[in-house]
Amino acid sequence: MQFENERITMNYNFREIEAKWQKFWAENQTFKARNNSEQPKFYVLDMFPYPSGAGLHVGHPLGYIASDIYARYKRHKGFNVLHPMGYDSFGLPAEQYAIQTGQHPAITTEANIKRYREQLDQLGFSFDWSREVRTSDPKYYKWTQWVFIQLFNSWYNKDSNKAEDITDLISVFEKEGNTNVQAVCDDDTPQFSAEDWAGFSDRTKQEILLKYRLTYLADTEVNWCPALGTVLANDEIVNGVSERGGHPVIRKKMTQWSMRITAYAQRLLDGLDTIDWPQPLKDSQTNWIGRSEGAHVEFNVQGSDHKIAVFTTRPDTIFGASFMTLAPEHELVAKITSPEQKAEVEAYVEVTAKRSERDRMADVKTISGVFTGAYAEHPFTKDPVPVWIGDYVLASYGTGAVMAVPCGDQRDYDFAKHFNIPIPNIFEGVDISEEAFADKANTIIANSDFLNGLNFRQATRKVVDELEKIGQGQGKINYRLRDAVFSRQRYWGEPFPVYYVDGMPQMIADEHLPLELPEVEKYLPTETGEPPLGNATHWAWDTQSNTVVANELIDDQTVFPLELNTMPGWAGSSQYFNRYMDPGNDNAIYSEEAIGYWQDVDLYIGGSEHATGHLLYSRFWQKFLFDKGIAPKDEYAKKLINQGMITGTSAFVYKDMDSNKVYSKGLIEGKNTIPIHADVSLVNASDELDIEAFKEWQPDYKDSEFVLEDGKYIVGREIEKMSKSKYNVVNPDHICEEFGADSLRLYEMFLGPLEQSKPWNTAGITGVHSFLKKLWKLYGTVSDTEANAENLKTLHKTIKKVEEDIENFSFNTSVSTFMICVNELTAQKCTSKSILEPLAILVSPYAPHIAEELWERLGHTESIAAAAFPKFDERHLVESSKEYPISFNGKMKFTLELPLDMGKDEIEKAVMAHEKTKAQLNGREPKRVIVVPGRIVNIVG
RNA sequence: GCCUUGGUGGCGGAAUUGGUAGACGCGCUGGAUUCAAAAUCCAGUUCUUUCGGGAGUGUGGGUUCGAUUCCCACCCAAGGUACCA
């Protein structure tokens, strides 16, 4: 039987088809995931977006398309797939907009989300929208606040190496004080006994407990950005200025909430070995955590009780220490400086204080420093060691002081050379007349008393033992990672569930959450410099009614002031992946059943810019939730892929500086021109500018003379980040309108490897679009004719390749494979349903709309989404002969078709007998003939 | 400086264990169709050439019958990070 589908012979009407199936999926909830199933689970997660006012550009959906293909593929493979989406909807831009316009950020955010949803929907993603979360929704941030409270009520026990209840710690204090407690806590935590504890006031007890809690209030040096009126985390600062807006940042002491992420430094490091994440990302996190192994050493200061503590990674070189250097800000500087040196030291300290952190970082070459006049005492030789200050030592790392070993460290070496300080050589057979010798692996210690003859490892162990014996040091592991400041002086963020009694923070009880963000008149800081929440008139906690009440009612008896800071951007994103498992749950962050079923994320796709922010913080929260038995896994994402950035192809016109002329690209040589960005929508595929449209767009050029080449104005091109200010943004809406979502999806994948960054060029989309038209045409006639061997070979080769490609995230090569397949089947005039049916399933993860339509037209009534992935059958690819490449000295000259079952000797005989071989050899006798059956023949000589 | 990733036609890129370099697509050239255009279809397209060939995957070496693939040294680009003691 053969039938011709009338409508399928019509043109490929992608607009109608795509609208139809998007509606179908929404109405039938085709992609709703169940929280229990006989099928194996698979969780595919995208990094949820911040819904910005600019909407999506073509770069944004890249990762979503890839994850959608994977999610759809896994459904075809019989998995129960969780593929959710939501919005990271607290954030700065909506608040900045509110400051400018007075519009409530919630309104802006809602409008932006609506627009995002439209844009996402038109791309045909298989998200389970019933699970949508928004971080700014009180029903959601209730649980962000809840996690904060759990952190507040926990401390880190180094003995068990996990977070435990603060109540357990209190019982220990009551029983035996803190002398035996191995905890991660503040450095200034005092030692006390059980009796001491019993005698402490309630306030003192609270103060001490704050030194242990995993989130705590402390005076910290923070990065303050005056222009934004808020503190910023280290990862929010790029090159010394704010990541958003590029404003200067200064150091300032403020009382802030902090997260004791340093407690997890080692586990965050160790965990990296257990997860399949990209190496560069792991390296970023490893560097950020910055573990260094060494020793803590204390030097007594001669003639005083002061001790200078240093951290060194080279305790083995201690006998080479010929001076010490303190950071100019070091607290001992004022205390130990001799009267004679006082003036000079103070002048130096003042000069460095004036230099910004940026200047100091930029200027690494200039060596500066001052002698304090004080001497420390070498722990072993008891020799005096001069103490200097120098700005190459940073107050914020280690102890802010170093023991300088000029023969083993280049910076110490340069400093010593500059100030004529002796450079004793403590290495065997090493010349240090030109530079320091920092090679640990080849170190043999000399001139070092009991360390002589030892290598780095032996000497380190020995010296640490000796230091411990004399009580002047011990082995230590130092981390670069700092505790994370968790307070922001913003309006549009999660309020802390905290009120203050007598200045001490108190948590609002779980059952009264969420504490909702109050209304304010103005979104700016108050006149007294308090955060925006200081403008709220209803922002006090009534402990009787457990509600928010008017500020006038504050009596510090039953009504107390609430916290005015809000949480940072990463709060809401640190547990959203778990919340998706049970997003509607109002009684728990998620049910045990839900997390018991879904466990963790199987595939997480997102940008690498979150390496040391979100991706580190969320791992920390997960480990904490794991310690508390709230999450079953201590790493939440087994595999992570960073999609590359899609860059823009900016266009330039060249304005002559000396005249009113604007020159075409080919004419600028030797002229004094400056490039001006032109909007990419005004340029065609051949780089030709629409001059009239350009003049209309930039009226400043209305009267300019455009100098053409060959009658055309040709623009210059450059690859840059896609951004509004560079006029190189390409909007997916226009692409969908002109070519359809399936074309856009295919094209984004076709562009190149997922993880690689690559430039966008709209011109190329016609290739994949005409592929879809060819695919459509292929289904114009469908018959029950049995497939022939050729058809089956084409199909099965495609099945094999596409399946391998998806498993390897090599989506670009699948698109080529589809093109080859359709070209071949078209050439074969294939009409067999038994070929076209599985082909539709293969295509469906990539181009789901057209696949659904073709599937329906093949007679199916159910969505293609649940159809089983075609099974690859090796038998269809079996060949009987092979086109052998015949090469001479490794260069292929011609091919020769020979049966595959032919033996080595026969092949050689056949090849040598061939006339082309004789022609190549031209009478020479070959030295050697290499025959690899099934692969190649190579004739040497 | 250090760490990571990468370097292949005019462009995006392909080549799974060392075995026909440039698949697939864009662009370009020529042709068919058309009053014309769009669309579609066909052919060609790494460079070079005296039309026999010759060269060719950032550069220079090496291993091999054979190297885009493995090894060594270097150059360049992108991203991360930085007086980290």
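The numbering of the first sequence is the numbering used here, which starts it at 485 and goes up by one.
All residues carry an ideal CB built from backbone N, CA and C; glycine is no exception.
All figures in this text were calculated on a predicted structure; none of them were measured in a lab.
(request) Within its chain, find whatever has a CB closer than 7 Å to the CB of GLU579; leave out the 5 residues flanking it on each side and keep chain order. (result) Sequence-distant Cβ neighbours of GLU579 in its own chain, meaning closer than 7 Å and more than five residues away, are PRO589, ARG974, TYR975, TRP976 and TYR1007.
(message) Runs of 3 residues minimum, wholly inside the region 1244 to 1280: which ones carry the beta strand (DSSP E) assignment?
(response) You should have 1265 to 1267.
(request) Report yes if the CB atom of ALA667 is closer than 8 Å to the CB atom of ASN641, and no otherwise. (result) Taking 8 Å as the cut-off, the beta carbon of ALA667 is found closer than this to the beta carbon of ASN641.
(request) Would you list the residues sitting across from THR663 in a DSSP beta bridge? (result) According to DSSP, THR663 shares a beta bridge with no other residue.
(message) Classify LYS525: buried if its beta carbon has 16 or more other beta carbons within 10 angstroms, exposed otherwise.
(response) Taking all protein chains in view, the Cβ of LYS525 is crowded by 16 or more other Cβ atoms within 10 Å, so the residue is classified as buried.
(message) Taking the alpha carbon of ILE1290 as the reference point, which residue from TYR557, GLU1189, PHE1044 and PRO533 has its own alpha carbon closest?
(response) The candidate whose alpha carbon is nearest that of ILE1290 is TYR557.
(request) Could you check if ILE1158 is buried or exposed, using at least 16 other CB atoms within 10 Å of its CB as the buried criterion? (result) With a threshold of 16 other beta carbon atoms within 10 Å, ILE1158 falls short and is exposed.
(message) What ranges does the alpha helix (DSSP H) occupy inside the region 1155 to 1189, keeping only unbroken runs of at least 4 residues that lie completely in it?
(response) Within the region 1155 to 1189, the complete alpha helix (DSSP H) runs of at least 4 residues are 1175 to 1181.
(request) Compare the Cα-Cα distances from VAL969 to each of PRO568, ASP1111, THR699 and LEU694 and report the closest residue. (result) Ranked by Cα distance from VAL969, the first of PRO568, ASP1111, THR699 and LEU694 is THR699.
(request) Hey, could you find the ends of the alpha helix (DSSP H) GLY755 is sitting in? (result) Annotation: the continuous alpha helix (DSSP H) that includes GLY755 extends over 749 to 755.
(request) Compare the beta carbon distance of ALA888 and PHE940 with 8 Å and say whether it is the shorter of the two. (result) Against a cut-off of 8 Å, the Cβ pair of PHE940 and ALA888 comes out as no contact.
(message) Restricting to runs no shorter than 4 residues, where is the alpha helix (DSSP H) found entirely within the region 889 to 943?
(response) Runs found: 894 to 903.
(request) Give a yes or no on whether the C-beta atoms belonging to GLY857 and THR809 are separated by under 8 Å. (result) No.
(request) Look at ALA702 and GLN675 and say whether their C-beta atoms are less than 8 Å apart. (result) Taking 8 Å as the Cβ cut-off, ALA702 and GLN675 do not qualify as a contacting pair.
(message) On the criterion of 16 or more Cβ atoms from any shown chain inside 10 Å, does ASP1184 qualify as buried, or is it exposed?
(response) It counts as exposed.
(message) Taking its Cβ as the centre, do 16 or more other Cβ atoms sit within 10 Å of ALA1225, making it buried, or is it exposed?
(response) So ALA1225 ends up on the buried side.
(request) State whether the region 1196 to 1216 contacts the region 1270 to 1282, with contact taken as three or more CB pairs (one from each stretch) at a distance under 8 Å. (result) Counting C-beta pairs with one atom in each stretch, the region 1196 to 1216 and the region 1270 to 1282 have fewer than three that are closer than 8 Å, which means they do not touch.
(message) With a threshold of 7 Å on Cβ separation, who are the neighbours of VAL656 within its own chain once the five nearest residues in sequence on each side are excluded?
(response) If the five residues before and after VAL656 are omitted, its C-beta is found closer than 7 Å to the C-beta atoms of VAL665, all from its own chain and listed in chain order.
(request) Put SER1102 into one of helix, strand or coil per three-state DSSP. (result) Three-state DSSP puts SER1102 in a helix.
(message) Would the region 544 to 560 count as touching the region 1098 to 1116 if we require 3 or more Cβ pairs under 8 Å?
(response) Two segments are said to touch when three or more pairs of C-beta atoms, one from each, lie closer than 8 Å; by this definition the region 544 to 560 does not touch the region 1098 to 1116.
(request) Using the DSSP secondary-structure output, state which residues sit across from TRP1082 in a beta bridge. (result) Answer by DSSP bridge pairing: none, since TRP1082 is not bridged.
(request) Note down the Cα distance separating ASP612 from SER1092, rounded to an integer number of angstroms. (result) ASP612 and SER1092: Cα-Cα distance of roughly 25 Å.
(request) Use the C-beta contact count for LEU1323: other C-beta atoms within 10 angstroms, 16 or more gives buried, fewer gives exposed. (result) When all chains shown are included, LEU1323 counts as buried.
(request) Just grab the DSSP bridge partners of CYS709 for me. (result) Answer is THR714.
(request) Could you check how far apart the C-beta atoms of ASP1084 and ALA1121 are, in whole angstroms? I think they sit under 8 Å. (result) Between ALA1121 and ASP1084 the Cβ distance is about 7 Å, and since that is below 8 Å, they are a contact.
(message) Please state the DSSP three-state secondary structure of ASN564.
(response) It is a strand residue.
(message) To the nearest angstrom, how far is the alpha carbon of LYS1205 from that of GLN1240?
(response) Distance between the alpha carbons of LYS1205 and GLN1240 is about 14 Å.
(message) Please return the same chain residues whose Cβ sits closer than 6 Å to the Cβ of LYS766, not counting the five positions on each side in sequence.
(response) Only LEU756 meet the Cβ criterion.
(message) Suppose only complete runs of 4+ residues qualify. What are the alpha helix (DSSP H) ranges in the region 495 to 552, listed by chain order?
(response) Listed in chain order, the complete alpha helix (DSSP H) runs (minimum 4 residues) inside the region 495 to 552 are 498 to 512.
(message) Only counting the same chain, and skipping five residues up and downstream in sequence, which positions put a Cβ closer than 6 Å to that of TRP1065?
(response) One point to set straight first is that residue 1065 is Met, not Trp, in the sequence displayed. Once the five neighbours on either side are set aside, the close Cβ partners of MET1065 are TYR1074, ALA1078, ILE1079 and TRP1082.
(request) Report yes or no: do three or more beta-carbon pairs, one from the region 682 to 700 and one from the region 1013 to 1027, lie closer than 8 Å? (result) Taking a cut-off of 8 Å for Cβ pairs, the region 682 to 700 and the region 1013 to 1027 do not touch, as fewer than three such pairs fall below it.
(request) Using three-state DSSP, classify THR493 as helix, strand or coil. (result) Because THR493 sits at a pLDDT of 47, beneath the cut-off of 50, its placement in the model cannot be relied upon, and the following sentence gives the value as read from the coordinates. Assignment of THR493 by DSSP, reduced to helix, strand and coil, places it in the helix class.
(request) Note down, in chain order, each residue of its chain lying with its Cβ closer than 7 Å to the Cβ of LYS960, except the 5 sequence neighbours on either side. (result) The beta carbon of LYS960 is closer than 7 Å to those of GLY778, ALA779, HIS780 and PHE795 in its chain, skipping five residues each way along the sequence.
(request) Out of GLU1076, VAL982 and MET988, point me to the one whose CA is closest to LEU1001's CA. (result) Of the listed residues, the one whose Cα sits closest to LEU1001 is VAL982.
(message) Short of 6 Å in beta carbon distance, which residues of its chain neighbour MET738, apart from the five on each side in sequence? Order them along the chain.
(response) Closer than 6 Å at the Cβ level, and outside the excluded window around MET738, lie VAL706.
(request) Work out the CA separation of THR619 and LEU540 for me, nearest whole Å. (result) Their Cα atoms are separated by approximately 19 Å.
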